[in-house]
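Q: Starting off with a structure, shown below.
Protein chains: 2
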Amino acid sequence: MSRIITISREFGSGGRELGKRLANALGIPCYDHEIIEMIAKENGFNEDYVANVAEKSIEAAYPLTIGHRFGMQPFQIMDQPIRVAVTQRRILENFAKQGDCVIIGRAADVILKDYDPLNIFVYADKDSRIERCQRRAPAGEHLTAREIENRMKQIDRNRAQHHQMYSDNKWGDKGSYDLCVNTTKRFVKDLVPAIAKFCEDWFNSHG
Amino acid sequence: MSRIITISREFGSGGRELGKRLANALGIPCYDHEIIEMIAKENGFNEDYVANVAEKSIEAAYPLTIGHRFGMQPFQIMDQPIRVAVTQRRILENFAKQGDCVIIGRAADVILKDYDPLNIFVYADKDSRIERCQRRAPAGEHLTAREIENRMKQIDRNRAQHHQMYSDNKWGDKGSYDLCVNTTKRFVKDLVPAIAKFCEDWFNSHG
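Residue numbers (our numbering), protein chains in the order written: chain A, 1 to 207; chain B, 1 to 207.
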């Protein structure tokens with residue numbers, strides 16, 4: 001069976017960077033934003049819309065209609081978040097069947113439960129996450145610490161809600177993960193070699 | 001400054017074994033039950049009594065009087081839990097000053113905060129912890145799963161309460177630790193080499 005590593009992460013914790021570097025260290029692919037692109041392409045939806053649905057619960061996604069194609073019937077619009085969820089599940093399962101990989105976000109830890117993934121959660125304290133967001137901000141973006149904090153809260157709330165669609169286990173609750181890594185005041189790159197070893201040993205010693 | 005690694009753990013998670021093996025892998029001492037022995041010896045207390053106080057809050061420890069020496073005045077009995085706490089702090093600080101080490105439990109993560117320790121939390125799901133307790137039970141002890149579960153809950157409640165004496169951070173809340181390791185269905189020994197590497201890299205990269 002494939003060795004699947006899932007990365008769940010608090011916004012601003014450096015989880016995406018950790019996942020990409022980990023995949024690189026292990027020499028396996030990392031799936032991240034391409035999942036959104038694939039869902040959007042397959043269904044003819046706008047990528048922003050898909051990203052929004054994929055990070056929210058189906059229920060919360062209903063009021064959004066920016067993704068609908070011109071001339072759609074109301075029942076088709078209502079149907080969209082479900083199509084996103086169904087496509088997402090199929091894409092994740094295809095990745096899992098193709099071979100070892102790292103998957104970032106998208107509730108892959110619970111959607112791919114039957115593949116017995118190694119689930120990692122990446123987190124950091126508030127100040128450290130705000131500082132990381134400011135350092136990584138795209139050119140021209142100058143949000144205040146308060147604005148970043150509000151955005152962090154909103155995004156993490158959406159992630160928790162999305163996770164809840166698939167599992168009773170609470171998003172971010174350590175019991176749902178095999179390893180939880182605190183990146184507060186650390187450089188992600190310094191943590192990766194040991195986590196890569198953890199993953200290798202984990203799968204090598206697995207029954 | 002010394003490299004201090006603290007291990008906090010849920011009862012039955014294999015945290016003590018992990019701490020001992022980790023210290024061994026890193027070639028540094030591991031302090032565990034000897035802390036209790038030292039506190040008991042210094043104060044002329046019973047070891048069981050000290051273990052009890054050291055795992056509870058001062059308040060909860062007051063009704064216990066089994067540790068008092070014959071002929072003590074009531075004010076001296078009331079004073080005992082505080083003496084345990086004071087001695088514990090001093091002993092932990094002495095360990096920290098002596099050099100690199102692993103310390104198991106005793107709220108060392110917060111008591112030694114100024115030494116910037118690497119704090120690890122070890123946990124596992126309920127069934128896995130019960131199973132580990134049964135496997136490790138002393139000869140002649142035959143507790144039912146329900147009895148073990150009740151004991152686990154009681155001990156972890158005491159640990160949480162003891163931790164609360166020293167910190168507002170909640171015992172077991174991942175934000176209070178640098179690394180949280182889930183030992184569910186794993187052999188602790190398989191996890192140690194990667195965690196040892198994590199510790200080495202952590203201190204080597206610490207600015």
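All C-beta atoms in this analysis are idealised placements derived from N, C-alpha and C, irrespective of residue type, glycine included.
What residue range does the beta strand (DSSP E) around B/I103 cover?
A: Unbroken beta strand (DSSP E) run through B/I103: C101 to I104.
Q: So which of B/C101, B/A194 and B/L179 has the shortest CA-CA distance to B/D32?
A: Out of B/C101, B/A194 and B/L179, B/C101 has the C-alpha closest to the C-alpha of B/D32.
Q: Would you kindly report the start and end of the unbroken alpha helix (DSSP H) that includes B/S128?
A: Where B/S128 is concerned, the enclosing alpha helix (DSSP H) stretches over K126 to R136.
Q: If you draw a straight line from the alpha carbon of B/G140 to that of B/K189, how long is it in whole angstroms?
A: In a straight line, the C-alpha of B/G140 is about 26 angstroms away from that of B/K189.
Q: Comparing C-alpha positions only, which one of A/L143, A/L118 and A/A160 sits nearest to B/K185?
A: Closest by alpha carbon: A/L118.
Q: Between the segment 77–86 of chain A and the segment 171–180 of chain A, do at least 3 Cβ pairs fall closer than 8 angstroms?
A: With a cut-off of 8 angstroms, the segment 171–180 of chain A and the segment 77–86 of chain A do not count as touching, because too few Cβ pairs lie within range.
Q: Go through its chain and collect everything with a Cβ distance to A/R9's Cβ below 6 angstroms, but skip five positions before and after it.
A: So the qualifying residues of the chain are G15 and V122.
Q: Sort out for me which residues DSSP pairs A/S8 with in a bridge.
A: Answer is A/F121.
Q: Could you please give me the residues that DSSP links to A/N182 through a beta bridge?
A: DSSP output for A/N182 lists A/Y123 as bridge partner(s).
Q: Who are the neighbours of B/V110 on chain A, taking C-beta pairs under 9 angstroms?
A: Within 9 angstroms Cβ-Cβ: nothing; B/V110 doesn't reach chain A, min ~15 angstroms.
Q: Quick one: is A/A194 near chain B, going by C-beta distance under 7 angstroms?
A: So, interface residue.
Q: Going along the chain, which unbroken runs of the beta strand (DSSP E) with 3 or more residues stay wholly within the segment 139–186 of chain A?
A: Counting whole runs of 3 or more residues, the segment 139–186 of chain A contains the beta strand (DSSP E) stretches 179–182.
Q: Let me know if B/D209 comes out buried or exposed under the rule of 16 or more other beta-carbons within 10 Å of its beta-carbon.
A: Lying outside 1 to 207, the shown extent of chain B, residue 209 of chain B is not represented and no answer is given.
Q: For B/C133, decide whether its Cβ has a neighbour in chain A, counting only Cβ atoms nearer than 7 angstroms.
A: No, no contact with chain A.
Q: Tell me the rounded alpha-carbon separation between B/I91 and B/N182.
A: Cα-Cα distance, rounded: 29 angstroms.
Q: Examine chain A for any beta-carbon lying closer than 7 angstroms to the beta-carbon of B/N182, and answer yes or no.
A: Chain A contact via Cβ: present.
Q: Should A/D127 go down as buried or exposed, given a rule of 16 or more other Cβ atoms within 10 Å for buried?
A: By the 10 Å Cβ count, A/D127 comes out exposed.
Q: Looking at chain A, is there any beta carbon in it that lies within less than 7 angstroms of the beta carbon of B/K174?
A: It does; some Cβ of chain A falls within 7 angstroms.
Q: If I measure Cβ to Cβ from A/R3 and keep anything under 7 angstroms in the same chain, skipping five residues before and after, which residues do I get?
A: For A/R3, where only same-chain residues beyond five positions count, the Cβ hits under 7 angstroms are D100 and F203.
Q: Ordered along the chain, which non-local residues of its own chain (more than five positions away) have a Cβ less than 6 angstroms from that of A/V110?
A: These residues qualify, in order along the chain: Y166 and S167.
Q: So with Cβ pairs under 7 angstroms, would you call B/K197 a contact of chain A?
A: Yes, B/K197 counts as interfacial toward chain A.
Q: For the candidate residues B/R146, B/D125, B/K97 and B/V53, whose alpha-carbon lies nearest to that of A/S176?
A: Among B/R146, B/D125, B/K97 and B/V53, the Cα nearest to that of A/S176 is on B/D125.
Q: Considering just the uninterrupted stretch of the alpha helix (DSSP H) at B/N43, what are its terminal residues?
A: Taken as a continuous stretch (DSSP letters only), the alpha helix (DSSP H) holding B/N43 covers H33 to N43.
Q: To which residues of the same chain is A/P63 closer than 8 angstroms at the C-beta, ignoring the five residues directly before and after it?
A: Legend: pLDDT at A/P63 = 49, less than 50; position of this residue unreliable, value from coordinates given subsequently. Answer for A/P63: no residue qualifies.
Q: Strictly by DSSP, which residues pair up with B/C30?
A: Note: B/C30 sits in a beta bridge opposite B/V102.
Q: To the nearest angstrom, how far is the alpha carbon of A/E200 from that of B/E131?
A: When rounded, the distance between both Cα atoms is 26 angstroms.
Q: Closest Cβ-Cβ distance between A/D190 and chain B: below 7 angstroms?
A: Chain B, which has a Cβ nearer than 7 angstroms to the Cβ of A/D190, makes this yes.
Q: Below 9 angstroms on C-beta distance, what does B/F187 contact in chain A?
A: Chain A residues near B/F187: S205.
Q: Would you identify the three-state DSSP class for A/L92, choosing helix, strand or coil?
A: A/L92: helix per DSSP, three-state reduction.
Q: Contact defined as beta carbons within less than 8 angstroms: I believe B/I104 pairs with B/C180. What is the distance between those atoms, to the nearest angstrom?
A: With 8 angstroms as the limit, B/I104 and B/C180 do not qualify as a contact, their Cβ atoms being about 16 angstroms apart.
Q: Quick one: list the residues of chain A neighbouring B/D201, beta-carbon separation under 8 angstroms, in chain order.
A: Correct list: D190, L191, P193 and A194.
Q: Is B/D178 close to chain A, meaning its C-beta is less than 7 angstroms from at least one C-beta of that chain?
A: Yes, B/D178 lies at the interface with chain A (some Cβ there is under 7 angstroms from its Cβ).
Q: Rounded C-beta distance between A/P193 and A/A25? I'm assuming under 8 angstroms.
A: The pair is a contact, with the Cβ atoms about 7 angstroms apart (cut-off 8 angstroms).
Q: Exposed or buried, A/A96, counting other C-beta atoms within 10 Å across all chains shown (16 or more means buried)?
A: By the neighbour-count rule (16 or more Cβ atoms within 10 Å), A/A96 is buried.
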